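Residue 40 is where the sequence shown starts when you use the numbering used here, and the numbers rise one by one after that. Where is the CB? At the ideal position from N, CA and C, for every residue including glycine. Here the structure is a predicted model, which is why all the values come from computation and not from measurement. Take a look at the structure below.
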Amino acid sequence: MGNKKKTQYRVVTGPEGILPPAATLMGISLPEEGEGLVEGEIVSEAEALEKAAIALLTRKNPTLFPGPLVLWGWNDHTDEKAKYFFDVANELPGIRIIPMPDYRPIYPKIDPEAVINPCHPNLTVLHNKIEACVFIGVHCHYASITLKIIRAGTNCYTIALCAEAGHEDAMASVPNFDIEKLIRFKDTIIKVKKNGIKPLYEGLGIVPTGWSQIASLKGKTPIKPEEELVEAGVSGAFSNELESGLDDNAE
């Protein structure tokens with residue numbers, strides 16, 4: 040880690056502009072095992088987890104975005120990972136959980152509020168004024184694009200807990216994020232609270248959103264914070280039937 044060059048470019052919260060450069064083109068390198076990224080600088084894994092924990096505890100409307108690789112439960116590992124995911128969530132007062140079960144676009148006719156949002160987290164971030172979020176279980180090619188869009192137009196502190204190599208365009212990222220690292224992240228959150236970091240939403244549990252209510256995700260009894268969130272385009276159930284394919288007769 041000591042032999043790697045530091046770059047002048049920093050991956051910080053935006054808005055950075057309509058077309059931010061890809062961090063990798065600006066000289067940002069991916070971390071190796073035991074390392075992490077914080078604002079484009081390679082640091083120890085422990086430091087990256089601590090920075091991520093502090094952001095989630097102190098920034099407004101913190102949100103977890105679990106993606107299909109966690110939600111689908113397609114093997115025993117993901118089933119177990121989902122269990123520890125909730126252990127992390129329960130250590131974060133005022134946290135919201137907005138699942139991304141499937142972010143494939145549906146054509147030709149869509150209700151943007153019901154389909155794009157919340158499946159596309161950049162719109163969810165804007166709608167809900169989210170200032171810290173976590174990507175976990177999100178396909179890497181999708182995360183790479185979305186992290187740039189979030190950095191372009193919002194002030195959200197993005198955290199990518201990646202099962203593969205990590206993400207240069209997140210403010211904080213840790214690679215090879217398995218169950219053991221998820222447990223370490225939970226322990227890190229507990230530690231920083233004990234060390235004096237006061238959670239912005241101290242005393243709250245998991246705060247339901249429209250999607251979490253539909254999915255019956257249960258945490259501690261929620262009390263809404265003073266800043267009311269805009270629901271993520273869902274009221275009770277899907278409000279529109281989705282087109283199954285192209286309509287040759289449509290104009």
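Neighbourhood of residue i by C-beta, 7 angstroms cutoff - its chain only, sequence neighbours within 5 removed
i	result
residue 183	206, 208
residue 51	78, 210
residue 118	112
residue 27	Any property of residue 27 remains undetermined from this structure, which presents the chain solely from 40 to 290.
residue 223	88
residue 86	75, 77
residue 179	201, 203
residue 63	207
Spatially closest choice to residue i from the options, by CA coordinates
i	options	result
residue 69	57, 210, 195	210
residue 107	177, 191, 53, 89	177
residue 55	189, 247, 232, 240	189
residue 237	94, 85, 53	94
residue 90	115, 186, 200	200
residue 174	135, 166, 241	135
residue 102	116, 166, 202	166
residue 212	60, 163, 72	72
residue 139	161, 119, 133	161
residue 215	48, 80, 74, 61	74
residue 217	163, 121, 233	121
residue 84	65, 204, 49, 63	204
residue 202	116, 64, 233	116
residue 168	48, 49, 47, 53	53
Beta-carbon separation (whole angstroms), residue i vs residue j, contact threshold 8 angstroms
i	j	result
residue 246	residue 92	That pair is no contact at about 18 angstroms.
residue 228	residue 131	7 angstroms
residue 221	residue 127	6 angstroms
residue 186	residue 193	Actually they are not in contact, since the Cβ atoms of residue 186 and residue 193 sit about 11 angstroms apart, beyond 8 angstroms.
residue 67	residue 104	22 angstroms between Cβ atoms; not a contact.
residue 191	residue 59	5 angstroms
Any non-hydrogen atom of the ligand MN within 6 angstroms of residue i CB
i	result
residue 184	This structure does not include the ligand MN; it has no bound ligands of any sort.
Residues bridged to residue i [DSSP beta-bridge criterion]
i	result
residue 49	Looking at the DSSP assignment, residue 49 forms no beta bridge with any residue, so it has no partner.
residue 221	DSSP lists no partner for residue 221.
residue 378	One cannot answer for residue 378 here, as it falls past the ends of the chain, which runs 40 to 290.
residue 136	103
Same chain, Cβ closer than 6 angstroms to residue i, five either side skipped, listed in chain order
i	result
residue 99	170
residue 97	239
residue 110	138, 140
residue 241	132
residue 82	75
residue 125	none
Same chain, Cβ closer than 8 angstroms to residue i, five either side skipped, listed in chain order
i	result
residue 123	218, 221, 222, 225
* Asked: Unbroken alpha helix (DSSP H) runs of length 4 or more, entirely within the segment 57–112: which are they?
  -> List check, alpha helix (DSSP H) in window: 84–97, 107–110.
* Considering only residues of the segment 189–223, which uninterrupted beta strand (DSSP E) runs meet the minimum length of 3 residues and lie entirely inside it, listed in chain order? -> Correct list: 196–200, 211–213.
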